[in-house]
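K.L.:
The sequence shown begins at 36 in our numbering and counts up by one. Don't be surprised by glycine CBs; every beta carbon is placed ideally from N, CA and C. Remember, predicted model here, so these are calculated numbers, not experimental data.
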Amino acid sequence: MNIVTYPAEILREKAEPIEEINDDICRTADEMLELMYESEGIGLAAPQIGWSKRLIVIDVKDELGDEKVFINPALVNQEGTFLSDEGCLSFPDITGKVMRSETVEVVAFNLKGEKLKIKAGGLLGVVFQHEIDHLNGVLFIDKMTPGSSLANAKKLKEFERIYKRVQAL
Ligand SMILES: [Zn+2]
């Protein structure tokens, strides 16, 4: 399992809902968590491993207890605005400022099939918004402030150039 990097097409696809939680799903979620920890990330969405399903893993220290896997997550309420500093495992070396909601309410299922309703703000709220965006093919570069977009334009072009060259091999 590897992390898919920008501008791979799968990162732009709308991921499919998970219909049934089986052993395969549980195993993949475990592997995603491992990969996330190895990569020193705090969130990872299934499309980032090349799997177009609505599943995300999140571990923000001391929050959410043992819940780390969220299936078919949806934002059901968003309030306020919050300017966050973000990075993304699919964009090595890129960080930027992104306008987010200050607090969100998320509905999702855990691996036991239990329905969760979570109210999250601050960093955790941002991670939920960032990861759920991935499931809709939306990337943080789409929502960056004009200043951050400009600051990263050259690096993004370079990613696109390298990707095209690899595709052509
Ligand atoms: Zn990301």
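Distance, Cα to Cα, Phe105 vs Arg89?
P.N.:
Within the sequence shown, residue 105 is the residue found at index 70, counting from 1. Within the sequence shown, residue 89 is the residue found at index 54, counting from 1. Cα-Cα distance, rounded: 8 Å.
K.L.:
In its own chain, which residues sit with a C-beta less than 8 Å from the C-beta of Glu114, not counting the 5 before and 5 after it?
P.N.:
As a working note, residue 114 is residue 79 in the sequence shown. Ser136, Glu137, Thr138, Val139.
K.L.:
Quick check: is any heavy atom of ligand 1 less than 6 Å from the C-beta of Cys123?
P.N.:
On the sequence shown, position 88 is the one that residue 123 refers to. Answer for Cys123: yes, Cβ within range of ligand 1.
K.L.:
Return helix, strand or coil for Met179, following the three-state DSSP convention.
P.N.:
Here residue 179 is taken as the residue at index 144 of the sequence shown, counted from 1. Looking at Met179 - three-state DSSP - the assignment turns out to be strand.
K.L.:
Going by DSSP in three states, Pro82 sits in which element: helix, strand or coil?
P.N.:
For the purposes of this step, residue 82 is taken as the residue at position 47 of the sequence shown. Of the three classes helix, strand and coil, the one that applies to Pro82 here is helix, per DSSP.
K.L.:
Around the C-beta of Ala80, are 16 or more other C-beta atoms found within 10 angstroms, so that it is buried, or is it exposed?
P.N.:
Working through the sequence shown from its first residue, we reach residue 80 at position 45. Buried, because 16 or more other Cβ atoms sit within 10 Å of the Cβ of Ala80.
K.L.:
For the beta strand (DSSP E) containing Phe117, name the first residue and the last one.
P.N.:
Locating residue 117 in the sequence shown gives position 82, where the first residue counts as 1. Its beta strand (DSSP E) spans residues 117–122.
K.L.:
Using a Cβ-Cβ cut-off of 6 Å (strictly less than) and excluding sequence neighbours within five positions of Glu166, which residues of its own chain qualify?
P.N.:
Position 131 of the sequence shown, counting from 1, holds the residue named residue 166. Correct list, in chain order: Gly78, Ala80, Ile91.
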